[in-house]
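Sequential numbering from 27 applies to the sequence shown in the numbering used here.
Input: a single structure, listed below in structure tokens.
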Amino acid sequence: MQQENKAFPGRISLIQRKLSILKIDGLIISNIINIKYLSGFTGSDGVLIICPDRSFLLVDGRYTNQAALEVQSIPIIEYKDKVEGIITAIKDLSLKQIGFEALSMSVDMHNQLISRLENETLINVGNDLKFLRACKDEAEITLMKKAAEISSLAIANLIGDIKEKCTEKELALQLEIHARRAGADGLAFEAIVAAGANSALPHAKPTDRKIRKGDFIVIDFGVKCQNYCSDETCTFALGALTDQQKNAYQAVRQAHDEAIAAIRANVAASVIDQCARRVLGEKYGPYFPHGTGHGVGLEVHEAPRLAPNSQDVLEAQMVVTVEPGIYIPGQWGIRIEDTVLVKENSCEIFTKMNKQLQIIN
27 MQQENKAFPG RISLIQRKLS ILKIDGLIIS NIINIKYLSG FTGSDGVLII CPDRSFLLVD
87 GRYTNQAALE VQSIPIIEYK DKVEGIITAI KDLSLKQIGF EALSMSVDMH NQLISRLENE
147 TLINVGNDLK FLRACKDEAE ITLMKKAAEI SSLAIANLIG DIKEKCTEKE LALQLEIHAR
207 RAGADGLAFE AIVAAGANSA LPHAKPTDRK IRKGDFIVID FGVKCQNYCS DETCTFALGA
267 LTDQQKNAYQ AVRQAHDEAI AAIRANVAAS VIDQCARRVL GEKYGPYFPH GTGHGVGLEV
327 HEAPRLAPNS QDVLEAQMVV TVEPGIYIPG QWGIRIEDTV LVKENSCEIF TKMNKQLQII
387 N
């Protein structure tokens, strides 16, 4: 039996104290990542029901033994049918006003629950749980620092593998090998290794395209360390670049640096985005189609969002990315990304790669 993380009961208690504020007497947690965060259960399916004075983890027979090993402070209830299990728990607990996460509960499951409930009401409280995992504790920060160290080391080790005529797929494979050797538990997401015109696609997938002289090579990579993610992007060049490419890289680097310099607690996330866009200006701004960053944790994309229309405000202990980019369709792209910890008056960079332009000969 694993030793239980002492943080889990505290996280449950925080939720329990919010129930009266949300005007609900029970909460159905169906987002599997939130279940992991609150209980330690790492299976792929289940339901956590939180009441003011107790909680229950509902799983099917595939996960009963696993849940018993991973979760010590929450009773485990096995169900044969998920909807039936939830309905039974609601009735047994005499819940009337029940909160749920609309973003993670399917329409079909919601409709099934509604059709079988009588005097009970389901209330969407998903927006109220948006920042549930946003602020990290010291144990989480330690794991995220480790993940960042591993992924940065893997990228650094990959530089020696970047040669003319090697393919994007070959580099992606080598990158994962380097990460596994450095201690990664797994990948946080499928690595992006994109060269030449492919680097102009923000979410490009590795292909059989061969690396050529004059290419930018965008590498967006992250690993997991005990379920916590890292996220970092480096853009390298193979051989000589044009002045246009060099100037564009320096613009992205400056946008990245100024956005990071602005990060601190109580700053609107949209302000960080504005810092990056102000540097890119009219010349490069039209080629920057995505937000400047996002939260990272148990998932590689979490709250908050650093984007023009974001209403989020940074808080101390949040971990976010800063990743401005320029993408010239059919030609090349550049993205530079670091992951940082928000502090009261500054931030701490977790990722380790130097973001100066590195030309590989």
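Here a beta-carbon is modelled for each residue, glycine too, at the ideal position from N, C-alpha and C.
Contact set for residue i: own chain, Cβ-Cβ below 8 Å, skip 5 residues either direction
{"i": "valine 297", "result": "Ala288"}
{"i": "arginine 235", "result": "Thr193, Glu194, Ala221, Gly222, Asn224"}
{"i": "glycine 317", "result": "Asp299, Arg331, Leu332, Ala333, Pro334, Ser336"}
{"i": "leucine 227", "result": "Ala220, Tyr353, Gly359"}
Buried/exposed call for residue i, threshold 16 Cβ in 10 Å
{"i": "isoleucine 320", "result": "Note that residue 320 corresponds to histidine in the displayed sequence, not to isoleucine. Counting Cβ neighbours within 10 Å, histidine 320 comes out buried, since at least 16 surround it."}
{"i": "alanine 285", "result": "buried"}
{"i": "alanine 295", "result": "buried"}
{"i": "glutamine 252", "result": "exposed"}
{"i": "alanine 94", "result": "exposed"}
{"i": "glycine 248", "result": "buried"}
{"i": "histidine 229", "result": "exposed"}
{"i": "proline 363", "result": "First, the amino acid is wrong: residue 363 is glutamate here, not proline. Glutamate 363 is buried by the Cβ-count criterion."}
{"i": "glycine 265", "result": "exposed"}
{"i": "proline 350", "result": "buried"}
{"i": "isoleucine 385", "result": "exposed"}
{"i": "methionine 27", "result": "Caution applies to methionine 27, whose pLDDT of 43 falls short of 50 and renders its modelled position unreliable; the model cannot decide the point."}
{"i": "aspartate 338", "result": "buried"}
Run of the alpha helix (DSSP H) containing residue i, from where it starts to where it stops
{"i": "asparagine 91", "result": "90-96"}
{"i": "phenylalanine 34", "result": "33-44"}
Beta-carbon proximity list for residue i, same chain, < 7 Å, skipping 5 on both sides
{"i": "glutamate 175", "result": "Lys378"}
{"i": "phenylalanine 82", "result": "Ile75, Ile100, Pro101, Ile103, Ala115"}
{"i": "alanine 128", "result": "Asn150, Gly152"}
{"i": "valine 97", "result": "Ser65, Gly66, Phe67, Leu83"}
Terminal residues of the beta strand (DSSP E) in which residue i lies
{"i": "alanine 329", "result": "328-332"}
{"i": "histidine 204", "result": "Where histidine 204 is concerned, there is no enclosing beta strand (DSSP E), although the alpha helix (DSSP H) it sits in stretches over 194-208."}
{"i": "glutamate 10", "result": "Nothing about residue 10 can be reported from this structure: the residues present for the chain run from 27 to 387 only."}
{"i": "leucine 53", "result": "52-55"}
{"i": "phenylalanine 247", "result": "242-247"}
{"i": "glycine 317", "result": "That residue, glycine 317, is in no beta strand (DSSP E); it is neither H nor E in DSSP."}
{"i": "glutamate 393", "result": "Limits of the chain in this structure are 27 at one end and 387 at the other, which puts residue 393 out of reach."}
{"i": "valine 219", "result": "218-221"}
{"i": "valine 345", "result": "345-348"}
Residues of its chain near residue i, where Cβ-Cβ distance is below 6 Å and the 5 sequence neighbours each way are ignored
{"i": "leucine 121", "result": "Asp51, Gly52"}
{"i": "lysine 250", "result": "Asp211, Gly212, Ala214"}
{"i": "serine 177", "result": "Phe247, Gly248, Val249, Ser256, Glu258"}
query: What beta strand (DSSP E) runs, 3 residues minimum, are completely inside the region 256-303?
result: 258-264
Problem set entry | beta strand (DSSP E) runs wholly inside the region 63-117, at least 3 long, in chain order | 73-76, 81-85, 102-104
- Counting Cβ pairs, one atom from each stretch, are 3 or more of them under 8 Å apart for the region 355-375 and the region 300-307? Taking a cut-off of 8 Å on C-beta distances, the region 355-375 does not touch the region 300-307, as fewer than three cross pairs fall below it.
Assess contact between the region 162-172 and the region 131-138, defined as three or more Cβ pairs (one per stretch) separated by less than 8 Å. Is contact present?
no
Which full runs of the beta strand (DSSP E) of 3+ residues lie inside the region 135-204, going along the chain?
147-150
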